[in-house]
Amino acid sequence: MSEPTTPTSQPIPVPASKSVPANAAMTRRNFLWLGWSALVVFFTASAAATARFFFPNVIYEPSQKFNAGPAKDYPMGVSLKWQNEQRVWIERNEKGFTVFWARCTHLGCTPNWFADQNRFRCPCHGSNFNIEGDVIAGPAPKPLYRCAVEIASTGDLIIDKAILENRPGFRDKSPFFAQYQATV
Ligand code: FES
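In structure tokens, the structure reads:
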């Protein structure tokens with residue numbers, strides 16, 4: 273009869289498939305960090321996009337209003353002083369000032385003033401406008417526009433190109449006509 277076996281003090285071997293290498297634990301930790309980092313990036317980007325929504329894309333253009341200098345300095349007739357810089361003509365007569373927007377109502381070219389013919393002529397397709405801005409020849413469909421104009425307390429001409437009018441009965445009154453009679 274054989275004797276019963278007694279347990280030995282040797283450690284029980286762990287199957288290789290159940291052992292966890294140290295570098296595998298690190299990989300899991302890194303994976304968690306990666307996940308949290310991705311979430312943080314996502315929510316930060318979302319918050320930034322939401323904040324950006326409150327600042328609309330606006331193009332701030334320069335003001336259409338400008339000071340054309342002392343009214344008394346303008347001679348009678350059509351002045352081309354601001355044609356290139358502000359695209360307006362300033363016409364002075366014995367009653368006051370009218371300011372035309374120097375843009376043809378056909379396709380937007382800049383007409384030229386011919387004092388000897390007392391008319392504006394467009395070089396692009398031949399439209400002609402009289403001193404009132406009315407079409408007298410060519411394809412332009414409507415009169416030239418006039419800009420709002422006033423004379424400041426300083427005596428300067430203040431012109432606003434954002435306010436335009438070309439309808440008879442409206443274009444001849446304030447703010448599209450500024451009465452002015454020189455005191456000297
Ligand atoms: S743009 Fe002036 S006539 Fe055509």
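This note's numbering numbers the first residue of the sequence shown as 273 and each following residue consecutively.
Beta carbons: idealized from backbone N, C-alpha and C, even for Gly.
These numbers were taken from a predicted model, which means no experiment stands behind them.
Coarse secondary structure for residue i, derived from DSSP in three states
i	result
Arg393	strand
Glu404	coil
Thr426	coil
Thr382	coil
Leu436	strand
Glu224	Outside the shown range of the chain (273 to 456) lies residue 224, about which nothing can therefore be said.
Arg359	coil
Arg300	helix
Ala387	coil
Ala374	coil
Ala454	coil
For residue j and residue i, believed in contact at Cβ under 8 Å, the rounded distance
i	j	result
Asn438	Pro415	4 Å
Cys222	Cys376	A question about residue 222 goes unanswered here, because the residues of the chain that appear run from 273 up to 456.
Leu436	Gly341	In fact, because the Cβ distance is near 21 Å, the residues do not count as touching under 8 Å.
Ile431	Val360	6 Å
Gly410	Asn402	12 Å between Cβ atoms; not a contact.
Residue i classed as buried or exposed, judged by whether at least 16 other C-beta atoms fall within 10 angstroms
i	result
Ser274	The predicted position of Ser274 is uncertain, since its pLDDT is 49 and thus under 50; a value taken from the coordinates is nonetheless stated next. Ser274 comes out exposed.
Ala450	buried
Ala374	buried
Thr370	buried
Ser446	exposed
Arg300	exposed
Tyr332	exposed
Ala412	buried
To test your reading of the DSSP string, which unbroken beta strand (DSSP E) runs of 3 or more residues are found completely within the segment 315–354? 337–342 and 349–351
Check whether the segment 345–352 touches the segment 316–335, counting contact only when three or more Cβ pairs, one atom from each stretch, lie closer than 8 Å. no
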